[in-house]
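S.K.:
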RNA sequence: GACCCUAUCGUCUAGAGGCCUAGGACAUUUCCCUUUCACGGAAGUAACCGGGGUUCGAAUCCCCGUAGGGUCACCA
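In our numbering, the protein residues as written are 110 to 572.
Structure (structure tokens):
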């Protein structure tokens, strides 16, 4: 049993492609099969090495490791031509020498007559020699009559009339195969048993099945996934913001959060929302995929991301957070990743947010929130702060629990509530009155820096 | 235009003829917890596209509309 993900490298890996890859991957893992990656780069003009790299990077970040590949179609042209020529010899394909102009007139005329535009089979049964100097193309001799039954694992049985189909080009005049042909040859040669791909290929499937049959090859099983739409119900595009999976990485999402979110888009397992990777690989089945397109909802993705930030072991989060800290040139904060996670995991929806919030401890204080300063700094609070400072300075161990004890003792000695001390400490350390639990806020600053910041506020308060 | 696909709360979905006064999750509203910001807890608002059948009974099956989407290339 084998599945594949076969993107064409004309852009980055977007969420729709990522979900197709995920479902193919899961189906293979679930059934103990192989998952292969094939780059469909037969369009020499639109394919770029940058896009190949972007797709590979996206797959790697998501952790969708292929068992084979990546294969490149551009390296298999000899094989495609070999098969095309075999088909000519067997009478299931033929050369066509129609010019672009002829084709265009044909189409224009059909459209004028209100017919479906398609190749009329002009060269299908001609045996006269090729026009001099013409290279021509090779076309597949599609059956004229009868029906093609597609047994789709998500759509059920879909029936197409051969009359609706025409003789498609399988080998172009610029010596390259076309998509519909290369796919058939590759899926056969590579032993792909289960084709899982986007909805937009459903209409190509009967043509491909006809080619499998002409070649005497076994037809694989098909599953056509519904599309992922933008939040407004329109097709996903750059206008909707982050469509590249790597953009989600940059925005602070965990790969597993995206995976979990994507899995639930078009697929479900009862009321379950949270799935570990192991659960996905055991529970997923292409048979359970929905029929209708779904919209991408960033809010739910955020919820999942926050869920994983809250619950994943710090050891798993630390490398991801470190990456973000480094992106923000907070390299020296990396060794405190675990402490940052402890302080902020319930206060950040994304890792990017976490890294941004962590910056207050590792960059010079920018200044105070003056409105809060005016409200919170007074004789009482300054006295409390300086009492706390004395205790902090005397601390043998700079640990959160010890700091918390110091805070509690200070409050007890002065008979004050936390409300009298909290705001001014936050102001001193972070410049604002919003921050994580006090002991972590102070602790993460480091003893020297924390005391300096307290002194700075006290000095200004006294003046 | 032709062919193909789809249709349950704002969104993701459960639902495979009676278990449905339609369940869960996100979002939203209110309340509780609380030193800030959060986390957490409780409650609430909110949906079967329309019309015909079939059946004792339909969100579920059939037909017709309607609305979305996809495909009709020497792109993939």
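C-beta atoms are modelled at their ideal positions from N, C-alpha and C, and glycine is treated no differently.
Any idea which residues DSSP pairs residue 286 with across the strands?
M.R.: The residue you call residue 286 lines up with position 177 of the first chain. The partner list for residue 286 (beta bridge, DSSP) reads 280.
S.K.: Should residue 123 and residue 353 be called a contact, given that it needs their Cβ atoms to be closer than 8 angstroms?
M.R.: In the first chain, the residue the question calls residue 123 occupies position 14. In the first chain, the residue the question calls residue 353 occupies position 244. Yes, the pair counts as a contact, with Cβ atoms nearer than the cut-off.
S.K.: From the DSSP output, in three-state form, read off residue 406 for me.
M.R.: Taking the first residue of the first chain as 1, we reach residue 406 at position 297. Note: residue 406 maps to coil in three-state DSSP.
S.K.: Any contact of the stretch 257–276 with the stretch 286–294, i.e. 3+ C-beta pairs under 8 angstroms?
M.R.: In short, these stretches do not touch, since the Cβ pair count stays below three.
S.K.: Report the residue from 173, 303 and 356 whose alpha carbon sits nearest the alpha carbon of residue 331.
M.R.: Against the first chain, residue 331 aligns to sequence position 222. The shortest C-alpha separation from residue 331 is found at 303.
S.K.: Would you identify the three-state DSSP class for residue 179, choosing helix, strand or coil?
M.R.: Residue 179 sits at position 70 when you count from the first residue of the first chain. In this structure, residue 179 counts as strand in the three-state DSSP scheme.
S.K.: Would you decide whether residue 236 is buried or exposed? Buried here means 16 or more other CB atoms lie within 10 Å of its CB.
M.R.: Reading the first chain from its first residue, position 127 is the one you call residue 236. Looking at its Cβ environment, which holds fewer than 16 other Cβ atoms inside 10 Å, residue 236 is exposed.
S.K.: Give me the Cα-Cα distance between residue 438 and residue 431, rounded to the nearest whole angstrom.
M.R.: Within the first chain, the letter at position 329 stands for residue 438. Within the first chain, the letter at position 322 stands for residue 431. Cα to Cα, residue 438 sits roughly 10 angstroms from residue 431.
S.K.: In terms of residue numbering, what span does the alpha helix (DSSP H) encompassing residue 161 cover?
M.R.: Your numbering for residue 161 matches position 52 in the first chain. Element bounds for residue 161: 158–171.
S.K.: Thinking residue 364 and residue 407 are a contact (beta carbons under 8 angstroms), I'd like their distance in whole angstroms, please.
M.R.: As a first step, residue 364 is located in the first chain; it is residue number 255 there, counting from the start. As a first step, residue 407 is located in the first chain; it is residue number 298 there, counting from the start. Going by Cβ atoms, the distance from residue 364 to residue 407 rounds to 16 angstroms, so no, they are not a contact pair.
S.K.: By Cβ distance, which residues of its chain are closer than 7 angstroms to residue 206, with the 5 residues on each side in sequence left out?
M.R.: The residue you call residue 206 lines up with position 97 of the first chain. The answer, listed in chain order, is 232, 239, 240, 243 and 245.
S.K.: Indicate the three-state DSSP secondary structure (helix, strand or coil) for residue 231 in the structure shown.
M.R.: Translated into positions along the first chain, residue 231 becomes position 122. Correct three-state label for residue 231: coil.
S.K.: If we call anything under 8 angstroms between Cβ atoms a contact, is residue 497 one with residue 516?
M.R.: Residue 497 sits at position 388 when you count from the first residue of the first chain. Residue 516 sits at position 407 when you count from the first residue of the first chain. Contact flag set, yes.
S.K.: Report, in whole angstroms, the separation of the C-beta atoms of residue 494 and residue 534, which I expect to be a contact under 8 angstroms.
M.R.: Mapped onto the first chain, residue 494 falls at position 385. Mapped onto the first chain, residue 534 falls at position 425. Between residue 534 and residue 494 the Cβ distance is about 6 angstroms, and since that is below 8 angstroms, they are a contact.
S.K.: If you measure between the beta carbons of residue 173 and residue 121, is that distance less than 8 angstroms?
M.R.: Mapped onto the first chain, residue 173 falls at position 64. Mapped onto the first chain, residue 121 falls at position 12. It is not a contact, given that the beta carbons lie outside the stated cut-off.
S.K.: Using the rule of at least 16 other Cβ atoms within 10 Å of the residue's Cβ for burial, across every protein chain shown, is residue 361 buried or exposed?
M.R.: Taking the first chain and counting its residues from 1, one reaches residue 361 at position 252. Buried, since its Cβ has 16 or more Cβ neighbours within 10 Å.
S.K.: For residue 202, write down the residues that DSSP places opposite it in a beta bridge.
M.R.: Translated into positions along the first chain, residue 202 becomes position 93. 249.
S.K.: Which runs of the alpha helix (DSSP H), 4 residues or longer, sit entirely within the stretch 387–460?
M.R.: Within the stretch 387–460, the complete alpha helix (DSSP H) runs of at least 4 residues are 407–420, 423–436 and 446–453.
S.K.: Spell out the partners DSSP gives residue 332 in its beta bridges.
M.R.: Within the first chain, the letter at position 223 stands for residue 332. Answer is 305.
S.K.: Could you give the distance in angstroms between the alpha-carbon of residue 527 and the alpha-carbon of residue 131?
M.R.: Here residue 527 refers to the residue found at position 418 when the first chain is read from its first residue. Here residue 131 refers to the residue found at position 22 when the first chain is read from its first residue. Taking the straight line from one Cα to the other gives about 49 angstroms.
S.K.: Just how far apart, CA to CA, sit residue 216 and residue 271?
M.R.: Locating residue 216 in the first chain gives position 107, counting from the first residue. Locating residue 271 in the first chain gives position 162, counting from the first residue. Approximately 19 angstroms, taken between the alpha carbons.
S.K.: For residue 578, does the three-state DSSP call read helix, strand or coil?
M.R.: Since the first residue of the chain shown is 110 and the last is 572, residue 578 is not available in this structure.
S.K.: Using only alpha-carbon positions, find the residue among 125, 119, 127 and 146 that is nearest to residue 112.
M.R.: Position 3 of the first chain holds residue 112. That would be 146, whose Cα lies nearest to the Cα of residue 112.
S.K.: Considering only residues of the same chain and omitting the five flanking positions on each side of residue 371, which have a CB-CB separation below 7 angstroms?
M.R.: Working through the first chain from its first residue, we reach residue 371 at position 262. Excluding residues within five positions, the ones whose Cβ falls inside 7 angstroms are 124, 127, 128 and 131.
S.K.: Quick test of your reading: residue 478 and residue 541, contact by CB under 8 angstroms. State the CB separation rounded to the nearest angstrom.
M.R.: Looking up residue 478 in the first chain gives position 369. Looking up residue 541 in the first chain gives position 432. About 5 angstroms; that satisfies the 8 angstroms criterion.
S.K.: Got a sec: does the ligand PLP put a non-hydrogen atom nearer than 7 angstroms to the Cβ of residue 419?
M.R.: As far as ligands go, the structure on display features none, and thus does not contain the ligand PLP.
S.K.: Buried or exposed: where does residue 508 fall if 16 or more other Cβ atoms within 10 Å of its Cβ makes it buried?
M.R.: For this step, residue 508 is matched to residue 399 along the first chain. By the neighbour-count rule (16 or more Cβ atoms within 10 Å), residue 508 is not buried but exposed.
S.K.: Use the C-beta contact count for residue 138: other C-beta atoms within 10 angstroms, 16 or more gives buried, fewer gives exposed.
M.R.: For the purposes of this step, residue 138 is identified with residue 29 of the first chain, where counting begins at 1. Classification of residue 138: buried, given that the 10 Å Cβ count is 16 or more.
S.K.: Report the CB separation of residue 393 from residue 441 in whole angstroms; it is logged as a contact under 8 angstroms.
M.R.: On the first chain, position 284 is the one that residue 393 refers to. On the first chain, position 332 is the one that residue 441 refers to. Not confirmed; about 42 angstroms, so no contact.
S.K.: According to DSSP, is residue 378 part of a helix, a strand, or is it coil?
M.R.: Locating residue 378 in the first chain gives position 269, where the first residue counts as 1. Residue state, collapsed to three classes: coil.
S.K.: How close, in whole Å, do the beta carbons of residue 383 and residue 416 come, if the pair is a contact with beta carbons under 8 angstroms?
M.R.: One-based indexing of the first chain puts residue 383 at position 274. One-based indexing of the first chain puts residue 416 at position 307. Residue 383 to residue 416, Cβ: 7 angstroms. Contact.
S.K.: For the candidate residues 149, 307 and 455, whose alpha-carbon lies nearest to that of residue 178?
M.R.: In the first chain, the residue the question calls residue 178 occupies position 69. The shortest Cα separation from residue 178 among 149, 307 and 455 belongs to 149.
S.K.: Should residue 566 go down as buried or exposed, given a rule of 16 or more other Cβ atoms within 10 Å for buried?
M.R.: As a position in the first chain, residue 566 is number 457, starting the count at 1. It is buried - the Cβ of residue 566 has at least 16 other Cβ atoms within 10 Å.
S.K.: Taking Cβ to Cβ, would you say residue 418 is nearer than 8 angstroms to residue 452?
M.R.: By 1-based counting over the first chain, the position of residue 418 is 309. By 1-based counting over the first chain, the position of residue 452 is 343. No, Cβ-Cβ distance for residue 418 and residue 452 is not below 8 angstroms.
S.K.: For residue 267, which beta-bridge partners are listed by DSSP?
M.R.: Working through the first chain from its first residue, we reach residue 267 at position 158. According to DSSP, residue 267 bridges with 259.
S.K.: Evaluate residue 195 with the Cβ neighbour count: other Cβ atoms within 10 Å of its Cβ, from every protein chain shown; 16 or more gives buried, anything less gives exposed.
M.R.: Residue numbering aside, residue 195 sits at position 86 when the first chain is read from its first letter. Its Cβ having fewer than 16 others within 10 Å, residue 195 is exposed.
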